[in-house]
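All residue numbers for the sequence shown refer to UniProt numbering, where the first residue is 1 and numbers rise by one.
Where a beta carbon is used, it is the ideal one built from N, C-alpha and C, also for glycine.
Scroll down for the structure; my scribbles are underneath it.
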Amino acid sequence: MNPCCKNIRDIDICLDSGPTSSGGVDLATKEFCDALNGLRGIGYLSLRKAPNAYLTLPRIRYVLTRLAAAVESWGRLESANVAFRMSDDNPQALLAMAYSTVSQGLPSLSVLTSMSLSASTPVSDTSPPTSPLINSPSSPAGGGPIDLLTNALAKSPSLHTFATQVPSVWNEAILRVSQNPSLQKIVLGDPKTGVLITGLFMAESKKHPRLVELIKAGTLMVRTRAYTLGNFGNIAPSVSTPSIRSRPGYSRLNCMNCMAASSPSDSFER
């Protein structure tokens, strides 16, 4: 590594599928990840991904896994921004989600106990032997890349700000980062426009006081008339826009001009 690179303070990483169509790990990717381990003064991390970069690609998983290992050695990291929706790939979380889904289609216990086992015939196990888990950066056995990265951020001693996008559904990726005792705020969405206080993630997050406290400290909340859930966080007042027909000089011809004059971003201002 170039000696001057060791003084890098801010790093902005954009994940892409790479030169190969399969998204495999090439030599340049390995060299880049090796260079991450040599950085010690990183204070700000920005992580983005291209539209065609899927988190299931081997190259993406490799970079995220190696990045998680590097973050554990970045003792000066103060701010991290994951500029995409994170999905939880923790094995226990996925197992719990799968169990709750499958259990809904299983028969009740009374039905199972009423079945006679005496008439059943022995069934031989014909399933193939399970192969041992192979731990590698592109396929970690202990947990997925997002799980490893969020756990690394949760242990980062100087991290005070974490920013990311609001997940579509509830998962524990952001919750894990919120367990960092040094963390002071979590910024969800665009800090200028704010986020709606509705949705599955916001509803479930209220069960975790520490997470709610951090979201309140860093996220601007937008309350709409249709969904009023109380003072969740920093509420952006909803601005009442007069009806177009009630404005002076309204006519069918200038209707579009009136609509263009009202900016939808007004309701997002503090």
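What separation, rounded to the nearest whole angstrom, lies between the Cα atoms of Gly144 and Pro51? 21 Å
Could you spell out the range, first to last residue, of the alpha helix (DSSP H) harbouring Leu148? Leu148 -> alpha helix (DSSP H) spans Pro145 to Ala154.
Determine the DSSP secondary structure at Asn37, reduced to helix, strand or coil. helix
Just the C-alpha distance for Asp34 and Arg223, rounded to the nearest angstrom, thanks. 46 Å
Identify whether Lys206 lies in helix, strand or coil by the three-state DSSP scheme. coil
Do Ile186 and Ile215 come within 8 Å of each other at the CB atom, strictly closer than that value? Yes. Within cutoff.
CA-CA distance, Asn81 and Asp26? 26 Å
Measure the alpha-carbon distance for residue 291 versus Ala28 and round it to whole angstroms. The question about residue 291 has no answer here: the residues shown for the chain are numbered 1 through 270.
Find out if the Cβ-Cβ distance for the pair Ser46, Asp12 is shorter than 8 Å. yes
Measure the alpha-carbon distance for Ile174 versus Gly218 and round it to whole angstroms. 14 Å
What does a CB cutoff of less than 6 Å around Leu94 pick up in its chain, not counting 5 residues either side in sequence? Reliability fails at Leu94, whose pLDDT of 47 lies under 50, so the model's placement of it is uncertain and the value that follows must be treated cautiously. None.
Please report the distance separating the alpha-carbon of residue 272 from that of Leu39. Residue 272 falls outside the range modelled here, since the chain spans only 1 to 270, and no answer is possible.
Can you give me the start and stop residues for the beta strand (DSSP E) that Ile11 sits inside? Asp10 to Leu15
By the three-class DSSP mapping on this structure, what secondary structure does Asn81 have? strand
Ordered along the chain, which non-local residues of its own chain (more than five positions away) have a Cβ less than 7 Å from that of Gly75? Pro157 and Ser158
Under the three-state DSSP convention, the category Ile186 falls into: strand
Between Glu172 and Asp88, is the Cβ-Cβ spacing less than 8 Å? yes
Terminal residues of the beta strand (DSSP E) in which Tyr44 lies: Tyr44 to Lys49
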